[in-house]
Amino acid sequence: MLIDNILFLRERFPVIRQYFAQHETDLQLQQLECMASKAGYKTIRYHVDKNQPLMVHSIYNPIREAERVIASHKDGIKDDTHIFFYGIGMGYHVEKFIEQYPNNSYSLYEPIPEVFFEMSKHRDINRIIAKNIRHLYVDQHNKETLAYLEEFQTNNRKIHLIVLPSYKNIIKEKYERFHNNIKEMILNRRINLQTDAGFQKFWVMNSIINFKTVLNTPNMLKDIDRTQFEGKPAIIVSAGPSLAEDIEYIRYIKANNLAYIFSVGSAINSLIEYDVLPDAVFTYDPKRRNKNVFKKMIENGIDHIPMVFGSSVGYETIKDYQGPKVHFITSQDKTSLYLLEEQLEFEEHLIVDSPSIAVMAFQVLTKLGTDPIIFAGQNLGYLNGRQYSKGIAYDHIPTNIDKETLDKALITTDVYGNEMKTNHSFNSMRKAIEKIAKLYTKRTFINTTKGGARIEGVPFQTIETLIRETLKQSNNTLKWWKAKNSYNEREVRIKYQLLKKSMKDFINIISQLDKVINNISLSTKVRNKTQLISELQKFDSIYNSLGNNVYYKFFVSFYIRTHVKYVANEIIRLNLEDDIFIKGKEIIELITMFISHCKQANIEINEFLDKGMEHLK
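So, in structure tokens, the structure goes:
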């Protein structure tokens, strides 16, 4: 490695320098052959195997090749595009990019450490490290980095990927893993963003309005006698199209008290249709339409079945149902997490928000010690063009899947080992179930869903076999929900008074933010660098104090969480901005918008608190 490169890495990227200093002898440098191209520029021949060496760059003219690489991406590079380079090689294409797009930010990722080391022996690294570089990632000889995924998770700007073409062949499998990683990360980020945008206000509103009911109903994991569930079988009945095939067996199980029957989500409508009533219904959807799930149950005068509700569920769901209720605290319920903070053991009592109510119920039952836990109607995909069982029909979700949707569907494996069609939502549910199953390897989980998706850790067994071999003993399932709420309301009132004080502090902090942004604006306009630096330092201090404010932390920030995440990501980016006046200008626009969202959120949340917390005043 050139001495200048050693000094440069030691100063700018010390972790990378330390790695090469300690592991140079571990690198397979014999695979690389640095040679002169026909045009005289250095290139690398990579000996993947003895019979088929591959060139990292053109053997004829690497510079011309680099120009063509960058030219082929011109339509994808706009003024605010962030560029992510996969494969540095000798860095020629990176240099051409810097020449043509000096104002664009970029990151570099070298997945072959031997290539980076070889390049550093012949070329100055600072030729590819310009002022707009954000990150430099280099894999190690025995470990692939995943740190780059953070960029695809947090960058608000469009990211354009430039892959050095030869790498798709030189490290084909490694590149495919990288491509799949970022594809999955981008998809998950998009889904999470849509979820947050769609539910953020409902989660906060419901949690506030539901809190009175939470204080007056037993907590499923805190107050219910667990001996009624430990070692007892329970069936989670979902609304998949295969439910019809098992319904008569479920009827038999219910009639003979062979297992708890717990309906999740829309499955209650199928069970009513088949006249098989469960031992409880589980629900957690925060949207107002969730109340429609139980419309048939209410219209049929069924009011004896316990409703086990997630505390952030749509408030009208529990308001409309007059039967017995039991709750569990969800991770989206920041009201309960604050007001009951000292009265809950989070690891034991908190249920993490999940892609479906079946997954939430699975968490509850595993914590209760239920065993075995059985899934029925959990198709997690399409069966004969259907996604719901008989008796379920909604205006906003089709029961039958159209041909276009089926043609674009994902492929997974069913319980018989055959291919079946599914979608991203069902896939995420399956992965969530598998993740929980891995935490309880000594427990028994069974999937009875004929034609359903294969769930790792939850082996398939027909319900007929289950009854014959496992469900042999009758259990007493009567009145298990009869328990008293154990929350200390006096402690809750004390916490609420502290919240009221925090709300006043919040108003003061927002006022300070308003003031400092006006000062930043003035300093930027007159280009007073010293004053601007001082005001930006004040901004950092005030912004940090906002993050520590209880009211903001538990209420406002979750009510506008998409804006909060956007601002946090932008501040990370602006902290890397060298031009203080550009930083000031962008901070003004960013925080002015943010303050507006905070003020509006405060108005709306106050209305919910005035109505929902009257009993604590």
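The sequence shown: position 522 = 767 (the numbering used here), numbered continuously.
A virtual CB, placed ideally from N, CA and C, is assigned to each residue, including glycine.
- Each of GLY336, THR270, PHE397 and GLY321 was checked against the Cα of THR288, and the nearest Cα belongs to GLY336.
- PHE342 counts as buried, since no fewer than 16 other beta carbons sit within 10 angstroms of its beta carbon.
- Contact annotation: the segment 527-546 does not touch the segment 697-712, with fewer than three C-beta pairs closer than 8 Å.
- Within the same chain, and ignoring the five residues on either side of CYS279 in sequence, the residues whose Cβ sits closer than 7 Å to its Cβ are LYS287, ILE289, GLU363 and HIS367.
- In the assembly as shown, GLY622 is a buried residue. Its beta-carbon has 16 or more other beta-carbons within 10 Å.
- With a beta-carbon spacing of about 6 Å, LEU406 and TYR331 fall inside the 8 Å limit used to define contacts.
- Taking each of LYS388, HIS386, ASN387 and TYR382 in turn and checking the Cα distance to LEU394, the smallest one comes out for TYR382.
- With respect to the 8 Å criterion, GLY559 and PHE447 are classified as neighbours on the basis of their beta carbons.
- Here the C-alpha atom of ASP320 lies approximately 11 Å from the C-alpha atom of THR326.
- Here DSSP, grouped into helix, strand and coil, assigns ASN426 to helix.
- A distance below 6 Å between beta-carbons, with the five flanking residues on each side excluded, links TYR519 to the following residues of its chain, in chain order: ILE492.
- Take the alpha-carbon of VAL260 and the one of PHE253: they are about 12 Å apart.
- The Cβ-Cβ distance between ASN464 and ASN730 falls below 8 Å.
- In the structure shown, the three-state DSSP call for MET364 is helix.
- Just so you know, the alpha carbons of GLN345 and ARG379 end up roughly 18 Å apart.
- Residue nearest to PRO523 within the set MET748, LYS760 and ALA512 is ALA512 (criterion: CA-CA distance).
- By the C-beta criterion, the segment 755-766 is judged to be in contact with the segment 822-833, since at least 3 inter-stretch pairs fall below 8 Å.
- By the neighbour-count definition (other C-beta atoms within 10 Å, threshold 16), HIS572 is a buried residue.
- Bridge pairing for ILE700: VAL703 [DSSP].
- Shortest Cα-Cα distance from THR390 to any of ILE480, ILE656, VAL597 and LYS419 involves LYS419.
- The Cβ atoms of LEU247 and ASP369 lie closer than 8 Å to each other.
- Comparing C-alpha distances from ASN721 to each of VAL812, GLU475 and PHE799 shows the shortest one belongs to GLU475.
- The three-state reading of DSSP puts ILE373 in coil, since its state is none of H, G, I, E or B.
- Taking the CA atoms as reference points, MET542 sits about 35 Å from ASN433.
- Rounded to whole angstroms, the separation of the alpha carbons of LEU684 and GLY702 is 10 Å.
- The beta carbon of ASP616 sits closer than 8 Å to the beta carbons of GLU475, GLY476, LYS477, PRO478, ARG688 and THR689 from its chain, once the five residues preceding and following it are set aside; these are given in chain order.
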